[in-house]
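Colleague: Taken in order, these protein sequences are the chains called F and S.
Position 77 (the first sequence) corresponds to 101 in my numbering; numbering is contiguous.
Position 135 (the second sequence) corresponds to 159 in my numbering; numbering is contiguous.
2 protein chains.
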Amino acid sequence: MTIYFAGSISGGRGDQAIYQQIIDFLKQHGTVLTEHFGQSSLTSVGENLADRAIHDRDLAWLRKADVLVAEVTTPSLGVGYEIGRAVEWGKPVICLYRQLPERRLSGMIAGCAGITIHRYDDVGDLPAILRLSLTPDP
Amino acid sequence: MTIYFAGSISGGRGDQAIYQQIIDFLKQHGTVLTEHFGQSSLTSVGENLADRAIHDRDLAWLRKADVLVAEVTTPSLGVGYEIGRAVEWGKPVICLYRQLPERRLSGMIAGCAGITIHRYDDVGDLPAILRLSLTPDP
């Protein structure tokens, strides 16, 4: 199974340790095409690549992935954009969301029939959630 | 011309006065389907509607709009999602972005060939930008 993992870069480097843990969990289920999202060298201004190159590379990865797993606690234009494209392609989309005070998950994500949302409190909850989501039915 | 305007709700009520000004400018060019984005009664927890109803109503509006105009300074999952869907439909997408320190526009938005990006410093710059973008060539 190939997995495209998405998380906020520009707004969410504070979440980066969580992203790295999620990527480690995901690697137990398949190949993660976007491992660099968990790297601490990825700064809040993003990658040192031309925007068009980033876009086209990531879209090609997303297109070939079997599933999109997105951590959506920190709002991100890029993650939302990737979710929109993946939904349009009929690709399975799994969103992981930590409820924070004074925050609400976007109605456009929460209300989309093509998206499965898993709310979690602690990253330790995720292995079980991902196992149920990513293991094919027998 | 029908125009779908999108801006961050949950993260960006501080931008709401700017959104209202943009909507007022847009109304000089056509019908704005999402006028409520500029309303001060729209709080940071969003609308009092079921998520599925919000999603389906907004997607129906987006589908029938001639153009999507998105203010993308404040990161938003919902706005990114709408941009992704609109790009996939081949709909014109115009993004308005104020450069802020320590911030960079998502590479997925900046690098997408289907999106026109206008950077601005002051909301007073926008009438001229929108006139050039929204007036059909003679």
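Quick reminder that beta carbons are idealized off the backbone N, C-alpha and C, glycines included.
In this text the structure is predicted, and so the values were computed from the model without any measurement.
So, is M25 of chain S buried or exposed, given that buried needs 16 or more other C-beta atoms within 10 angstroms?
Modeller: Locating residue 25 of chain S in the second sequence gives position 1, counting from the first residue. That one is exposed.
Colleague: When Cβ atoms are compared, which residues of the region 96-109 of chain F fall closer than 9 angstroms to chain S?
Modeller: Residues V96, T98, P99, S100, L101, G102, V103, G104, Y105, E106, I107, G108 and R109.
Colleague: Are the region 122-129 of chain S and the region 75-87 of chain S touching by the rule of at least three beta carbon pairs closer than 8 angstroms?
Modeller: These segments do not touch.
Colleague: Can you tell which of F:G31, F:W113, F:G102 and F:L50 has the C-alpha that lies nearest to the C-alpha of P151 of chain F?
Modeller: Here residue 151 of chain F refers to the residue found at position 127 of the first sequence. The option with the nearest alpha carbon to P151 of chain F is F:L50.
Colleague: Check whether the Cβ of A152 of chain F lies closer than 8 angstroms to any Cβ atom in chain S.
Modeller: Your numbering for residue 152 of chain F matches position 128 in the first sequence. So no, A152 of chain F is outside the interface.
Colleague: Fully enclosed by the region 59-143 of chain S, which beta strand (DSSP E) runs are 3 residues long or longer?
Modeller: Qualifying beta strand (DSSP E) stretches, in chain order: 91-95 and 117-122.
Colleague: Quick one: what does DSSP say I27 of chain S is sitting in, helix, strand or coil?
Modeller: On the second sequence, residue 27 of chain S is found 3 positions in, with the first residue counted as 1. Three-state result, I27 of chain S: strand.
Colleague: Mind checking A165 of chain F: buried by the 16 CB within 10 Å criterion, or exposed?
Modeller: This structure gives no information on residue 165 of chain F, because the portion of chain F shown stretches from 25 to 162.
Colleague: Using only alpha-carbon positions, find the residue among S:L156, S:L158 and S:I118 that is nearest to I139 of chain S.
Modeller: Position 115 of the second sequence, counted from the first residue, corresponds to residue 139 of chain S. When only C-alpha atoms are compared, the closest one is S:I118.
Colleague: Taking the CB atoms as reference points, tell me whether V96 of chain F and L120 of chain F lie closer together than 8 angstroms.
Modeller: Sequence index remark: in the first sequence, residue 96 of chain F carries index 72 (1-based). Sequence index remark: in the first sequence, residue 120 of chain F carries index 96 (1-based). A contact, by the Cβ cut-off of 8 angstroms.
Colleague: Expressed to the nearest angstrom, what Euclidean distance is found between the alpha-carbon atoms of L86 of chain S and W113 of chain F?
Modeller: Translated into the one-based positions of the second sequence, residue 86 of chain S becomes position 62. Translated into the one-based positions of the first sequence, residue 113 of chain F becomes position 89. Each residue's Cα considered, the two are about 18 angstroms apart.
Colleague: Taking the DSSP output, what are the residues bridged to T55 of chain F?
Modeller: Translated into the one-based positions of the first sequence, residue 55 of chain F becomes position 31. Note: T55 of chain F sits in a beta bridge opposite F:T26.
Colleague: Quick one: Cα of D145 of chain S to Cα of I42 of chain S, how far?
Modeller: Taking the second sequence and counting its residues from 1, one reaches residue 145 of chain S at position 121. Taking the second sequence and counting its residues from 1, one reaches residue 42 of chain S at position 18. Near 12 angstroms, if we compare the C-alpha coordinates of I42 of chain S and D145 of chain S.
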